[in-house]
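Below is one structure, written out as structure tokens; the observations come after it.
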Amino acid sequence: MRFITLTILILVNTYIYSQTDINKIVPLAPNTAAFSKYGEIPVSQFTGTANVSIPIYNITTKEFDFPLELTYHTGGNKVEDIASWVGLGWSLSNIPMISRSVRGIADEGSGGYMSKYMGYTAEDLILHLPESDLKRISFKDALRAGTADSEPDVFFFNIKGKSGKFIFDQNIGKFVTLEESQIKITYNSNNGFFTITTEDGYEYLFSEKEITYSNNDETTTGWYVSNISSPNKNENLIFEYNLQPQTLKTLAPKTQLLYLSGTMENTTVLTNGPVTLINTVYSQLLKKISFNGGFIEFNLNTAERLDLQGGHSLKNIQVKNTNEKLISNYELEYKYISQGACYGNETYTNKWMLLEKLKNTTSSIQPVSHSFYYDESSIPFCRNSPAQDYWGYYNGADDNENLIPTVTIPNSSNPVTGANRLVNPLKSQFAILKKIVYPTGGYTEFDFENNDSFSTELPTSYITDEAASIDGSTTIGLEDYYETSFTINNPPDMVLNGNNPLGGSFAEFAMGCGGCEITNGIANANVNFSLTREATASSPSQTFYISRNFNSYLQNGNYTLTANINLASSEGESVNDFFVSVVWKKKITDTNPNRFVGGLRVKEIRSYSTNADLPIVKKYRYKQDYDSDLSSGKVFNEPSFVFEDDIALGVGDCSNGTCAGVYRRLKSYSNIQQINYSGSSIGYETVIEESNDPIQTGVTIYKYTHSVDFVDNRFPYPPATSMELYRGQPKEILFYSKNNLGSLILVKKQEFEYNAELNNSQRNIFKNISAFKLGQFGYYFLDVDVIPVTFDKTHVIATYEIATGINLLSSEKTTLYSGNGNLITLKTYNYNSPGHFFLTNETSESSTSDSLITKYFYPQDPEMAVKPNVDNLVAKNIISKPLVTQTFKGNSKLSEQETRFGLFGNLLLPQFIYSGKNLTTDKKITYDQYDTNGTLQQYTPEAGTPVTIIWGYNKTQPIAKIENATYSQVSSYVSNLQTLSDTGTEADLILALNTLRTNLPDAMVTTYTYIPLVGVSTITDPKGDIITYTYDSFGRLEFVKDKNGNLLSENQYHYK
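Each residue of the sequence shown is one higher than the one before, counting from 23 in this note's numbering.
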């Protein structure tokens, strides 16, 4: 039996910038970063990422259904990714938490965005007050000083399968979700805790904080859930954690200063900054989850991880009942991969931890395992390596010194050669999961490929090195002349020449000469190396003398490389050898119009039930249509790989007086924190799936909505306005079969339309929120170590929008194609309540029947105002379930059902169920009695007799259902039965339950016993006939027998 789910999904990460510059990169702890990839998981082929999930245990109680899974993210591993406590790419999912991206200063801190400045919002101070207003001037000064905030932080949450973002809205003084919802979010400024109440009334307390210390700053980067309360506070899930300090080393930002103009005597490129940044994170590692009936323990390995200083991996997951009996035990085994030494022989950052096995050892006789295999063909030398493509994935460019790519100085032909940031398909599958072997002996294999997009805005990936050289090592005369000619003819291109209108290429010059002196064009010199460009009608000839290794720019043209040797006879033997070369780049003629984008997508999945079986194969193509070669991918926003501004520098007196210069300041940042939160940088408008699955053989074409972000790639580089709410929804799904000739035959089509609500002023529920990014530039002095020191600064403020809204399904049309005529079904959906966006009515109609209309009414609707306890429901935020549901066929009412709530003590619980046809409704069920924890003890059906329920096993399971008796009639039996279920033997409990049945001859008594946290063990009907359920050592149902021991059913589990 395989415990795994394979789907396609949209995934995630987070990033954190500072207010006045892009230099405050606050890393998340590995577990928090792994959570962020799973913040949003709608099932879709949109990003081409396969979600691999392995169930561990499902907490099921009266109030909770809480699945616990190990989940793997297949979008690719970045060079700087650190494994979570369960391995690289893996996450222990569904644990509720909040993480955040700090913009400016922390919102809750002194001067943060949650506090108005002098009683004014940032929007008022920046947009509405005049420039001369003293409050506006003071606010800008405070922004420059870092004591005020003009940008809300973006918080990410994951609760009960619902994920999203929220921010603080200064105008209303509350937190609001970016996707419209009725979720309530509060922050306690006294203790720094968050509380989130969902639309069904469940309350999540986030009190366990994860804190990062970076550059002597303390920032809370995550909040973990400590308690989940049911709507009536009658049941809780309690979470406990181990606080673990971890030391993270990340690649530091790099700065280059490129000389533009002025009187500086030294115009070389200036760089500064350390290689790595060291941060300490106090990470929260889950220790225990307690629930009614048992608990789950998460035990750590005692030995420190080899890839994370201070880190410890998860050793096992143990489920136990309240009597501490072990129900299940999962052991996790790991291995490390490494390529060798790192900077300064660093021992942590040259390793990555991989999950190798997940063993279910509940049965010591027959433990069973999942085994995992990864691509280990290309491993970076170091986690802090700049051998990264533009998106942070490994590209094998191990010679990169930093992350700044090659750039051209404006109005100059001199480039600054930088890092190779191109995607390398041969390297980017570093440590990706390739195969899973299941306990049954079956297995699944994955093939991945690089993302791509049909876009001219992305860097090219089709360049190659060309070279011209002269090597005189074989024959050297005393007066020899050597030359070779070549031509450069490239179009303007960002990678080749920085989009220079003269075309050409950035070039590398190299030379060497053993035992001789090299000069620059001096007459009668021993050795001369030179490169001459032939004159054209618009440009004179130009000669470069080559006396050292250097980089330069060569425009298009015809070139001659020469080596002139002029040695006296006594010097000839001292020249051992010489060489001179020039290497440039040339665009390859390539028929592929697509550009690579960072990260991976699924290409093929092969599933085998055993080694001998033929696999079920699913193949994916991401093209604009079935016969096209053009990628359907679109990047979510235009990437900015280098951040730049112009500054002036001074170094005091020079030989010619005071020197000054204008420089272009370039910065590039680690991409570890810059990924789009959905976990991918790209989405595909069309995805083609081909399958040989007997259940679904043929071709399925998926088409999705897509909306790109609004990006301002200018200084000071404000965050993009995200449009992720309006992309990734299915627009059309086409199902094809294949005939004998292989032609596609359309058999079914589904079409979807949406009603995007961006700024609905009538409802006044949500709007775009303005934020303001401040950047500083100006004049600097340089000290002897060439580190900029502030002298005078000015600033610029960029306004950007944070979009809020909702995108709701408005219609779904299904067409079934056949030779006898097509069958069309149309469903339309409306959300027209003035106070919420829950579904209010849906209409279904087909070409063969009348329309069927269903209407829903919720506690907030005006029609429900007269219903009992509606105000109490709204106060508890129990608002997502309709109180009344009505169905119509045409204009005729078919049925209605209503739930009315009552107060039982301080508990708000269902009291009456009404239903009926046509215009009238009748009371169908009365819930007569609950205990103090909200457990139902007695109900009465319409015109029927009362039904009593007795709960045992710490009141978690029904042990007796008694028809035709009230709770008061059986209350004398309850205490003994509960005690026996909690602490007694099953035999004694069955005996007492049989006594109950005998003593109530006028009642129908059905009784139950259980193996706690496993399942029902016996059911005895009113006649006294018993059915027995037997489980194996893993807690799986093995067989069922009747009262005579005859086998009713059997399950067999085969493992290899």
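We put the beta carbon where it would ideally sit given N, CA and C, even for glycine.
Which residues in the same chain have their Cβ closer than 7 Å to the Cβ of residue i, if we skip the five residues on either side of it in sequence?
i, result
"Tyr465", "Lys457, Ile458, Val459 and Tyr630"
"Phe1079", "Any answer about residue 1079 is impossible in this case: the structure gives the chain only from 23 up to 1078."
"Leu831", "Phe774, Tyr776 and Tyr851"
"Asn940", "Lys915"
"Tyr995", "Leu1018"
"Phe190", "Asp129, Tyr135, Met136, Pro174 and Phe197"
"Gly111", "Tyr94, His95, Asn99 and Leu455"
"Asn343", "Gly315, Gly316, Ile349, Pro1034 and Leu1035"
"Tyr1032", "Tyr975, Gln979, Val1038 and Ser1039"
"Asp647", "Thr708"
Identify, in the order they occur along the chain, each residue of the same chain with its Cβ nearer than 8 Å to the Cβ of residue i, setting aside the five sequence neighbours on each side.
i, result
"Lys347", "Pro1034"
"Lys977", "Asn314, Asp953, Asn955, Thr957 and Gln1000"
"Glu964", "Asp944, Lys945, Lys946 and Ile947"
"Lys625", "Asp469, Phe470, Glu471, Lys641 and Tyr642"
With DSSP run on the structure shown, which of helix, strand or coil describes residue i?
i, result
"Lys100", "strand"
"Val124", "coil"
"Gln204", "coil"
"His728", "coil"
"Asp515", "coil"
"Glu867", "strand"
"Phe531", "strand"
"Met119", "strand"
"Thr243", "strand"
"Lys162", "helix"
"Ser400", "coil"
"Arg443", "coil"
"Glu173", "coil"
"Asp222", "strand"
"Glu353", "strand"
"Val657", "strand"
"Ala793", "strand"
"Glu488", "strand"
Residue i and residue j look like a contact to me (Cβ under 8 Å); what is the Cβ gap, rounded to whole Å?
i, j, result
"Tyr975", "Asp1004", "7 Å"
"Thr554", "Thr582", "5 Å"
"Phe528", "Asn519", "6 Å"
"Thr873", "Gly912", "A quick correction: the sequence has Ser, not Thr, at residue 873. Between Gly912 and Ser873 the Cβ distance is about 6 Å, and since that is below 8 Å, they are a contact."
"Asn891", "Thr876", "With a Cβ gap of about 24 Å, Asn891 and Thr876 do not count as contacting."
Rounded to whole angstroms, what's the CA-CA distance from residue i to residue j? Just pull it up for me.
i, j, result
"Gly134", "Asp171", "5 Å"
"Thr1052", "Thr1042", "15 Å"
"Thr907", "Asp883", "13 Å"
"Arg405", "Asn417", "13 Å"
"Thr497", "Lys608", "With a pLDDT of 49 at Thr497, under the threshold of 50, the modelled position of this residue cannot be trusted, and the question is left open."
"Val769", "Phe470", "29 Å"
"Asn351", "Ala105", "23 Å"
"Thr506", "Ser236", "55 Å"
"Lys231", "Pro738", "31 Å"
"Glu920", "Leu895", "15 Å"
"Ile339", "Ser123", "31 Å"
"Gly168", "Gly126", "8 Å"
"Val1062", "Ile981", "19 Å"
"Thr821", "Lys138", "18 Å"
"Ile759", "Gly720", "Per the sequence shown, residue 759 should be read as Ser rather than Ile. For Ser759 and Gly720, the distance between alpha carbons rounds to 5 Å."
Sorted by chain position, which residues of the same chain lie with C-beta nearer than 6 Å to residue i's C-beta, five sequence neighbours on each side aside?
i, result
"Ile900", "Gly223 and Pro253"
"Asn345", "none"
"Met140", "Lys157"
"Met533", "Phe551, Ile568 and Val602"
"Arg1058", "none"
"Glu145", "Ser792"
"Lys381", "Glu353, Pro389 and Ser391"
**OP:** Give, in chain order, every unbroken run of the alpha helix (DSSP H) that is at least 4 residues long and sits entirely within the region 303 to 331.
**Re:** none
Subject >> Within the region 852 to 913, ranges of the alpha helix (DSSP H) (whole runs, at least 4 residues) >> reply: 892 to 897
Subject >> Completely contained beta strand (DSSP E) runs for the region 979 to 1029, where each covers 3 or more residues >> reply: Secondary structure in the region 979 to 1029: the beta strand (DSSP E) runs of 3 residues or longer, each lying completely within the stretch, are 979 to 985 in chain order.
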